[in-house]
Structures are given as C-alpha cells and as structure tokens.
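Taking it in order: structure first as structure tokens, then the write-up.
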Amino acid sequence: METINNLVSNVEETIKSEGANEVKSTIIGELVISRLRDLDEVAYVRFASVYRQFKDLSSFVKEIRKISK
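To convert, count from 1 in the sequence shown and add 6; that's the numbering used here.
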C-alpha cells in the first residue's frame, strides 16, 4: 500500500509542479501508466488494458512485448 501511495504522491507532485489550474485526465493517465511500468509489470498491464482500451488480442500482446524487452 505504501508503494501505491508513493506513486500517487509522485503523480500529484508532478502535476502541482506544472502550476496548471486544470489537468487533462489523459495527462494523469500517462503519468500513472509510466510509473506503473517501472513499479509492477502486472499492474501496468492491467491498467493499460483498461486505459488504452485494447480492441483486440494482438494489441494487448504488442503491449506485453514492449515491457518484456
């Protein structure tokens, strides 16, 4: 749980450092997905499957191949 809290805090700090009053959800999603990739590959794939809205199995497999390199 602490690791997840640290990830969230890191994303929040990154957003705050930009100084914008509004932040698009796509920016938040990209910040989360980039940090999850380094933190936990399984969590990354789970999040990516929803966030990226894979249309078919080949798109999903392509994403898995990217992280397995």
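The beta-carbon is built from N, C-alpha and C at its ideal position, and this holds for glycine as well.
Assuming residue i contacts residue j under a Cβ cut-off of 8 Å, what Cβ separation, rounded to an integer in Å, is found between them?
i     : j     : result
Leu13 : Arg41 : 5 Å
Ala49 : Glu69 : At roughly 13 Å, the Cβ-Cβ gap does not stay under 8 Å, so Ala49 and Glu69 are not in contact.
Ile73 : Arg43 : 6 Å
Apply the 10 Å Cβ neighbour rule to residue i and answer buried if 16 or more other Cβ atoms are within range, or exposed otherwise.
i     : result
Ala26 : exposed
Please report the residue range of the alpha helix (DSSP H) in which residue i lies.
i     : result
Asp44 : Ser31 to Leu45
Glu61 : The question names Glu, yet the displayed sequence has Lys at residue 61. Element bounds for Lys61: n/a, residue is neither H nor E.
Asn27 : No alpha helix (DSSP H) holds Asn27; DSSP gives it neither H nor E.
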